[in-house]
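S.K.: Residue numbering for the sequence shown is 1 to 449, as defined by our numbering.
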Amino acid sequence: MQYLPGVQAGSEGTAGINVRGGTPDQNLILLDGVPVYNINHMFGFFSVINPDAVAHVDFMKGNFPAKYGGRLSSIMDIAMKEGNSQSWHGTLSLNPIATRLMVEGPLKKDVSSILVSGRTTWINGLIGLGTLIRGSESSTNYGFYDLNVKINYKLSRKDQLYGSFYTGHDGFRREFKFDNSLYRFGLSWGNATAALRWNRVWNNRLFSNTTAYYTQYDYQLSQELTSEKRYNATTNSSIKDKGIKIDFDQLLSNKNTLRYGAGLVHHTFAPENKTYQNLRADSTASNAPVQSLEWSLYLEDAYAISNKLRLVAGVHYQGQHVQKSYFHSLQPRVSLHANVSPRSKVQFSYNRTAQFLHLLTNSSLGLPTDLWVPAIPNVGPEKAEQWALGYTLQLNDSYNLTSEVYYKNMDGVVEYTDLSAFLSSTNIPWYDRVTVGKSRSKGLEVVPE
1 MQYLPGVQAG SEGTAGINVR GGTPDQNLIL LDGVPVYNIN HMFGFFSVIN PDAVAHVDFM
61 KGNFPAKYGG RLSSIMDIAM KEGNSQSWHG TLSLNPIATR LMVEGPLKKD VSSILVSGRT
121 TWINGLIGLG TLIRGSESST NYGFYDLNVK INYKLSRKDQ LYGSFYTGHD GFRREFKFDN
181 SLYRFGLSWG NATAALRWNR VWNNRLFSNT TAYYTQYDYQ LSQELTSEKR YNATTNSSIK
241 DKGIKIDFDQ LLSNKNTLRY GAGLVHHTFA PENKTYQNLR ADSTASNAPV QSLEWSLYLE
301 DAYAISNKLR LVAGVHYQGQ HVQKSYFHSL QPRVSLHANV SPRSKVQFSY NRTAQFLHLL
361 TNSSLGLPTD LWVPAIPNVG PEKAEQWALG YTLQLNDSYN LTSEVYYKNM DGVVEYTDLS
421 AFLSSTNIPW YDRVTVGKSR SKGLEVVPE
């Protein structure tokens with residue numbers, strides 16, 4: 001994705017992307033319909049998305065369908081493979097950094113199947129060998145793993161169940177000696193997701209998907225100094241979601257398709273818990289978990305006005321309750337697609353989006369220091385409007401040339417006031433260490449396809 005027009009690589013130490021002037025937290029990453037809050041392995045050298053488990057990826061940065069909400073800049077909707085329902089087979093991949101294994105096959109032929117895919121790194125052995133050769137008194141340990149599982153079961157001719165699961169974790173530890181002292185630094189982070197989806201075909205013009213899901217992201221930073229005086233410090237943060245959503249697709253006619261649905265998600269934020277210990281005293285600076293309830297409704301109509309003109313118009317409504325306060329956002333979405341000749345077409349789109357959570361991080365550290373927090377009365381939601389006009393020319397049977405010009409306004413963008421605010425060891429709440437501002441981006445993108 002980093003090589004697409006309008007997409008820039010995130011800061012060093014992360015695999016995040018900045019899309020059309022946005023920030024990594026403004027990208028909605030969905031794995032089988034479940035949000036994933038951190039996509040980094042190995043400080044950005046690997047993504048948490050295992051290619052062996054992926055069926056297809058839809059990436060959108062301008063023309064957002066009404067069903068998607070909660071982020072400002074882009075949507076990456078990743079569907080996992082369902083597993084082979086006819087026969088068993090697998091793949092094994094080895095390289096100096098990581099090992100990948102994938103196995104898939106039928107649990108009951110033509111009725112149920114499973115896919116299991118895992119990765120792990122053995123770079124820790126290479127690091128240890130280098131330390132041994134150098135004869136260094138310091139040591140470094142690092143490892144990551146992830147696991148994807150997907151099961152599907154055909155209940156009837158019209159009903160099918162899908163269960164998907166993901167877990168992944170990174171751990172880094174650095175230890176060295178100096179002046180009769182021992183210093184240890186540790187960093188760990190990980191995601192876990194689970195989803196159960198019921199697909200129902202009501203008739204030949206209506207079908208639905210109902211999904212219940214859970215997702216969490218945890219992060220921990222620890223430091224320890226052992227000498228005549230012992231000191232250690234630990235910082236933890238996490239976000240956990242429990243949600244349910246239902247989506248309908250209804251074919252009104254050969255020219256008209258209606259899409260609508262609703263969603264409800266409960267967020268639990270544990271944004272910052274710090275523990276300090278030394279010989280003189282112990283102290284704890286913690287924030288009570290913050291609960292928020294977020295809901296959404298959407299309606300979208302795709303209508304073929306003629307053989308050359310197609311209109312897609314919809315609205316996404318989003319609301320949140322947090323700390324006795326309510327936020328609401330009504331987000332119109334519209335796009336117009338016109339075939340101006342047999343080999344060319346023009347597209348116009350307008351989107352309004354809102355984001356009811358913020359990511360606080362400090363890119364200058366080069367570490368995945370993610371702190372997710374909710375929009376609250378004194379640090380409200382982020383909002384954006386985007387206009388785009390695109391043109392596609394078919395060069396030949398194999399290649400197209402696509403260009404698009406866009407303009408985007410963002411309001412309510414949040415970041416730390418400075419590095420000292422991020423590193424602050426005092427019990428100053430996060431909302432007193434941030435600044436809120438506006439952002440504007442515009443550009444022209446050209447890409448051969």
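Every residue gets a Cβ at the ideal spot worked out from N, C-alpha and C, and that includes glycine.
Does DSSP put residue 44 in a helix, a strand or coil?
M.R.: Here residue 44 is taken as the residue at index 44 of the sequence shown, counted from 1. The answer is helix: DSSP assigns residue 44 an H, G or I state.
S.K.: Give the straight-line distance between the Cα atoms of residue 83 and residue 30, rounded to the nearest whole angstrom.
M.R.: Translated into the one-based positions of the sequence shown, residue 83 becomes position 83. Translated into the one-based positions of the sequence shown, residue 30 becomes position 30. Their Cα atoms are separated by approximately 19 Å.
S.K.: By the 10 Å Cβ neighbour count, where 16 or more other Cβ atoms means buried, how is residue 227 classified, buried or exposed?
M.R.: Residue mapping note: residue 227 aligns to position 227 of the sequence shown, counting from 1. Exposed, because fewer than 16 other Cβ atoms sit within 10 Å of the Cβ of residue 227.
S.K.: Taking 7 Å as the cut-off, decide whether the C-beta atoms of residue 224 and residue 184 are in contact.
M.R.: Start at 1 with the first residue of the sequence shown, and residue 224 comes out as number 224. Start at 1 with the first residue of the sequence shown, and residue 184 comes out as number 184. For residue 224 and residue 184, yes; Cβs fall inside 7 Å.
S.K.: Pick from 248, 239 and 255: whose alpha carbon is nearest that of residue 267?
M.R.: Position 267 of the sequence shown, counted from the start, is the residue given in the question as residue 267. If we check each option's Cα against that of residue 267, 239 comes out closest.
S.K.: Exposed or buried, residue 88, counting other C-beta atoms within 10 Å across all chains shown (16 or more means buried)?
M.R.: By one-based count along the sequence shown, residue 88 stands at place 88. Answer is exposed; the Cβ neighbour count stays below 16.
S.K.: For residue 440, which residues does DSSP report across the bridge?
M.R.: Start at 1 with the first residue of the sequence shown, and residue 440 comes out as number 440. Residue 440 pairs with 409.
S.K.: Does the beta-carbon distance from residue 159 to residue 200 come in below 7 Å?
M.R.: Counting from 1 along the sequence shown, the entry for residue 159 is found at position 159. Counting from 1 along the sequence shown, the entry for residue 200 is found at position 200. Their beta carbons are under 7 Å apart, which means residue 159 touches residue 200 by this criterion.
S.K.: With 7 Å as the threshold, decide whether the Cβ of residue 158 is near any Cβ in chain D.
M.R.: Annotation note: the requested chain D is absent from the structure, which comprises a single protein chain.
S.K.: With a Cβ-Cβ cutoff of 7 Å, do residue 217 and residue 95 count as a contact?
M.R.: Your numbering for residue 217 matches position 217 in the sequence shown. Your numbering for residue 95 matches position 95 in the sequence shown. Not a contact, by the Cβ cut-off of 7 Å.
S.K.: Since residue 313 sits in a beta bridge, which residues does DSSP pair it with?
M.R.: For the purposes of this step, residue 313 is taken as residue 313 along the sequence shown, with counting starting at 1. Per DSSP, 301 and 334.
S.K.: Tell me where the beta strand (DSSP E) around residue 179 begins and ends.
M.R.: Within the sequence shown, numbered from 1, the residue matching residue 179 stands at position 179. From DSSP, residue 179 is part of no beta strand (DSSP E); its letter is neither H nor E.
S.K.: Does DSSP put residue 66 in a helix, in a strand, or in coil?
M.R.: Along the sequence shown, one-based indexing puts residue 66 at 66. If DSSP states are grouped into helix, strand and coil, residue 66 belongs with coil.
S.K.: Would you identify the three-state DSSP class for residue 351, choosing helix, strand or coil?
M.R.: Within the sequence shown, the letter at position 351 stands for residue 351. Residue 351 falls in the strand class under three-state DSSP.
S.K.: Do residue 414 and residue 434 come within 7 Å of each other at the CB atom, strictly closer than that value?
M.R.: For the purposes of this step, residue 434 is identified with residue 434 of the sequence shown, where counting begins at 1. For the purposes of this step, residue 414 is identified with residue 414 of the sequence shown, where counting begins at 1. For residue 434 and residue 414, yes; Cβs fall inside 7 Å.
S.K.: If residue 114 sits next to residue 78, beta carbons under 8 Å apart, how far is it from one beta carbon to the other, in whole angstroms?
M.R.: Numbered from 1 along the sequence shown, position 114 holds the residue referred to as residue 114. Numbered from 1 along the sequence shown, position 78 holds the residue referred to as residue 78. Their Cβ separation, rounded to whole angstroms, is 19 Å, which puts residue 114 and residue 78 out of contact at 8 Å.
S.K.: What's the gap between the Cα of residue 406 and the Cα of residue 276?
M.R.: Counting from one through the sequence shown, the residue named residue 406 turns up at place 406. Counting from one through the sequence shown, the residue named residue 276 turns up at place 276. So the alpha carbons of these two residues sit roughly 48 Å apart.
S.K.: Would you report the Cα separation of residue 8 and residue 75, rounded to the nearest angstrom?
M.R.: Walking along the sequence shown from the start, residue 8 turns up at place 8. Walking along the sequence shown from the start, residue 75 turns up at place 75. Their backbone Cα atoms lie some 15 Å apart in a straight line.
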